[in-house]
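Undergrad:
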Amino acid sequence: MGLLVLLLLLLAFLMPGVAIPVPPALRALSNLHLSTKFTSRPSAVTKYSKYSIHYLKQKVDHFGFKNDKHFNQRYLIADQHWKKEGGSILFYTGNEGDIIWFCNNTGFMWDVAEELKAMLVFAEHRYYGQSLPFGANSFKDSRHMNFLTSEQALADFAELIKHLKKTIPAAKNQPFIAVGGSYGGMLAAWFRMKYPHMVVGALAASAPIWQFEDMVPCGVFMEIVTADFRRSSPNCSKSIRKSWDAIHRLTRNSTGLNLVSEALHLCTSLKNSQDVQHLKDWIAETWVNLAMVDYPYESNFLQPLPAWPIKVVCQHFKNPNVSDTELLQNIFSALNVYYNYSGQAKCLNMSETSTSSLGSMGWSYQQW
Ligand SMILES: *[C@@H]1O[C@H](CO)[C@@H](O)[C@H](O)[C@H]1NC(C)=O
Ligand SMILES: *[C@@H]1O[C@H](CO)[C@@H](O)[C@H](O)[C@H]1NC(C)=O
Ligand SMILES: *[C@@H]1O[C@H](CO)[C@@H](O)[C@H](O)[C@H]1NC(C)=O
Ligand SMILES: *[C@@H]1O[C@H](CO)[C@@H](O)[C@H](O)[C@H]1NC(C)=O
Ligand SMILES: *[C@@H]1O[C@H](CO)[C@@H](O)[C@H](O)[C@H]1NC(C)=O
Ligand SMILES: *[C@@H]1O[C@H](CO)[C@@H](O)[C@H](O)[C@H]1NC(C)=O
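Just add 44 to wherever you are in the sequence shown, counting from 1, and you've got my numbering.
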């Protein structure tokens with residue numbers, strides 16, 4: 045809980061020199077009675093399924109007057125633990141994917157709902173899931189992409205909160221707390237900064253709110269990923285470091301390209317050096333994803349995975365001092381932890397690294 049309290053305080057005291065009393069709902073959030081034993085998650089899938097689905101008509105452009113179009117923003121409400129007296133509202137600031145998928149995977153909010161007497165609201169981010177400002181054409185025309193910005197998304201959230209306060213009378217004077225993780229955590233924190241009158245605080249989990257060019261060195265993210273594997277065992281990160289050259293050496297001719305394709309059970313055989321680069325990028329993204337979902341319990345967020353998946357992956361990288369072909373075998377075993385924990389994979393598909401619930405079209409645009 046230490047970290048949680050720290051985060052909340054950080055956000056509550058963002059303006060130096062101004063002593064802001066911590067609102068009771070926030071104090072309750074930082075004093076929650078959560079289990080600190082994280083070896084297993086209570087199976088909560090059934091309790092997650094109870095929410096209602098709603099749509100709010102939103103402006104495509106909140107800030108200009110040349111575009112007067114609207115679209116439907118999807119949001120979910122779960123109010124089984126909500127109390128009209130003394131309750132609160134946890135508002136999930138949706139990130140780059142289908143909101144139902146995030147709702148399914150944000151166990152924290154469901155875990156604390158009862159104790160906080162909270163209504164849970166999950167707001168979908170524009171351009172993801174069903175909240176498409178130009179429907180099926182949202183990504184077909186670069187002019188349509190103009191409205192895919194975090195500023196517009198935050199304005200959607202503000203409109204939605206206004207709407208909820210207006211249409212659910214008992215919610216009008218209850219404290220709203222923004223909650224988000226990753227990019228959604230950045231949105232939660234920014235929402236508290238930009239709309240401080242709409243939420244009493246924000247819980248920003250794993251949120252790199254300052255990770256921008258010239259603010260932190262650009263290699264920091266990958267250094268943290270490497271450190272995750274090195275912490276499991278130094279030989280693990282060493283093996284991975286060696287693997288790039290090994291792949292390069294093994295794929296210099298067509299015999300080698302076939303050998304590697306077969307050894308890794310790839311769905312599509314490698315044909316040329318471009319494919320080899322694609323292979324390396326795909327493997328690298330796999331290690332990155334593992335670092336992001338290295339949960340201490342069995343989970344199914346990006347992929348079905350065992351508890352502490354990096355530890356399991358590193359079981360296959362105990363010795364970096366092996367031949368290139370042995371290392372290739374080890375890479376295959378390690379990739380199987382991520383892509384074939386279910387035992388169902390027929391082949392490994394370099395076109396996929398995670399669930400299709402993530403909106404790859406919008407996200408590749410937003411990142412650049
Ligand atoms: C959410 O969870 C339900 C219940 O397990 C499942 O049926 C549904 O496919 C999930 N939806 C997404 C988008 O993950
Ligand atoms: C292809 O590359 C492999 C591995 O580098 C090497 O052992 C083999 O001799 C090469 N074969 C040909 C036909 O060049
Ligand atoms: C790491 O690899 C080295 C070199 O192959 C080996 O001597 C050592 O025993 C390995 N360490 C562990 C903990 O496996
Ligand atoms: C790595 O392997 C080579 C040959 O197989 C051996 O000569 C060398 O001592 C090994 N290095 C380590 C650190 O085990
Ligand atoms: C996935 O695992 C199953 C069961 O272990 C195995 O039969 C299958 O070959 C694996 N698939 C791949 C692509 O490795
Ligand atoms: C690989 O993934 C892509 C993208 O999801 C999909 O279109 C393709 O059918 C998959 N290939 C195989 C062999 O499963």
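C-beta: ideal position from N, C-alpha, C; glycine also.
1) Measure the Cβ-Cβ separation of residue 394 and residue 323 and say whether it is below 8 Å.
2) Using the beta-carbon count (16 or more within 10 Å), is residue 144 buried or exposed?
3) Taking all protein chains shown into account, decide if residue 264 is buried (16 or more other Cβ within 10 angstroms of its Cβ) or exposed.
4) Could I get the ranges of all uninterrupted beta strand (DSSP E) runs contained in the region 112-163, with 3 residues as the minimum, in chain order?
5) Report the partner residues of residue 222 according to the DSSP bridge assignment.
6) Whose C-alpha, out of 380, 233 and 172, is nearest the C-alpha of residue 349?
7) As a quick check of your reading: which residues have a C-beta less than 5 Å from at least one non-hydrogen atom of ligand 6, in chain order?
8) Ligand 2 and residue 293: does the residue's C-beta get closer than 7 Å to at least one heavy atom of that ligand?
9) Just confirm the distance between the C-beta atoms of residue 121 and residue 95, as a whole number of angstroms; I'd bet it's less than 8 Å.
10) Do residue 383 and residue 410 count as a contact pair if the criterion is CB distance below 8 Å?
11) Under a three-way DSSP split, which group does residue 327 fall into?
12) Looking at the secondary structure, which residues open and close the alpha helix (DSSP H) in which residue 210 lies?
13) Among 155, 150 and 179, which residue has its Cα nearest to the Cα of residue 113?
14) To which residues of the same chain is residue 236 closer than 7 Å at the C-beta, ignoring the five residues directly before and after it?
15) For the putative contact between residue 136 and residue 153, defined by C-beta atoms under 8 Å, what is the C-beta separation to the nearest angstrom?
16) Could you please go through the chain and list the residues whose beta-carbon is closer than 5 Å to any non-hydrogen atom of ligand 3?
17) Can you pull the DSSP bridge partners for residue 359?
18) Just checking residue 429 against ligand 1 - is the residue's beta carbon closer than 7 Å to any of the ligand's heavy atoms?
19) CB-CB under 7 Å to residue 287, same chain, minus the five flanking residues each way: which ones, in chain order?
20) What I want to know is whether the C-beta of residue 333 ends up closer than 7 Å to one or more non-hydrogen atoms of ligand 2.
21) If you follow the beta strand (DSSP E) that residue 99 is part of, which residue opens it and which one closes it?
22) Please report the distance separating the alpha-carbon of residue 173 from that of residue 102.
23) Measure the CB-CB distance between residue 317 and residue 302 and report whether it falls below 8 Å.
24) For the alpha helix (DSSP H) holding residue 289, just list the boundary residues, first then last.
25) Would you call the CB atoms of residue 161 and residue 130 closer than 8 Å?
TA: Taking the coordinates as given:
1) Numbered from its first residue, the sequence shown carries residue 394 at position 350. Numbered from its first residue, the sequence shown carries residue 323 at position 279. Yes, these two residues count as a Cβ contact at 8 Å.
2) Against the sequence shown, residue 144 aligns to sequence position 100. Residue 144 should be labelled buried.
3) Taking the first residue of the sequence shown as position 1, residue 264 is located at position 220. Exposed, because fewer than 16 other Cβ atoms sit within 10 Å of the Cβ of residue 264.
4) Fully enclosed beta strand (DSSP E) runs of 3 or longer: 114-122 and 132-137.
5) For this step, residue 222 is matched to residue 178 along the sequence shown. In the DSSP assignment, the residues bridged to residue 222 are 135 and 246.
6) Working through the sequence shown from its first residue, we reach residue 349 at position 305. Measuring from the Cα of residue 349, the nearest candidate turns out to be 380.
7) Every residue passing the under-5 Å Cβ criterion appears here: 311, 393, 395 and 396.
8) One-based indexing of the sequence shown puts residue 293 at position 249. Checking every heavy atom of ligand 2 against the Cβ of residue 293, one is found closer than 7 Å.
9) Residue 121 sits at position 77 when you count from the first residue of the sequence shown. Residue 95 sits at position 51 when you count from the first residue of the sequence shown. Yes, residue 121 and residue 95 are in contact; Cβ-Cβ is about 6 Å, under 8 Å.
10) Here residue 410 refers to the residue found at position 366 of the sequence shown. Here residue 383 refers to the residue found at position 339 of the sequence shown. No, these two residues do not count as a Cβ contact at 8 Å.
11) Taking the sequence shown and counting its residues from 1, the one referred to as residue 327 is at position 283. Correct three-state label for residue 327: helix.
12) Here residue 210 refers to the residue found at position 166 when the sequence shown is read from its first residue. Residue 210 -> alpha helix (DSSP H) spans 194-211.
13) On the sequence shown, residue 113 is found 69 positions in, with the first residue counted as 1. Per the Cα distances, 179.
14) The sequence position of residue 236 within the sequence shown is 192, counting from 1. Cβ within range, chain order: 55, 222, 243, 245 and 246.
15) Residue mapping note: residue 136 aligns to position 92 of the sequence shown, counting from 1. Residue mapping note: residue 153 aligns to position 109 of the sequence shown, counting from 1. Indeed they touch by this definition, with Cβ atoms about 6 Å apart.
16) A residue is listed when its beta-carbon falls short of 5 Å from at least one non-hydrogen atom of ligand 3; in chain order these are 279, 362, 363 and 365.
17) Here residue 359 refers to the residue found at position 315 when the sequence shown is read from its first residue. DSSP, once it has assigned bridges, lists no residue as partnering residue 359.
18) Examination of residue 429 is not possible in this model, given that the chain is present from 45 through 412 alone.
19) Taking the first residue of the sequence shown as position 1, residue 287 is located at position 243. Excluding five sequence positions before and after residue 287, the CB atoms of its chain that fall closer than 7 Å to its own CB belong to 371 and 375, given in chain order.
20) As a first step, residue 333 is located in the sequence shown; it is residue number 289 there, counting from the start. Checking the Cβ of residue 333 against ligand 2 gives no.
21) In the sequence shown, counting from the first residue as 1, residue 99 sits at position 55. Note, residue 99: beta strand (DSSP E), 96-103.
22) Position 129 of the sequence shown holds residue 173. Position 58 of the sequence shown holds residue 102. Going by the C-alpha atoms only, they are around 15 Å apart.
23) Sequence index remark: in the sequence shown, residue 317 carries index 273 (1-based). Sequence index remark: in the sequence shown, residue 302 carries index 258 (1-based). Not in contact: residue 317 and residue 302 (Cβ atoms no closer than 8 Å).
24) Stepping through the sequence shown from its first residue, residue 289 is reached at position 245. Boundaries of the alpha helix (DSSP H) harbouring residue 289: 278-294, taken from the DSSP string.
25) Within the sequence shown, numbered from 1, the residue matching residue 161 stands at position 117. Within the sequence shown, numbered from 1, the residue matching residue 130 stands at position 86. In this structure, residue 130 lies closer than 8 Å to residue 161 by Cβ.
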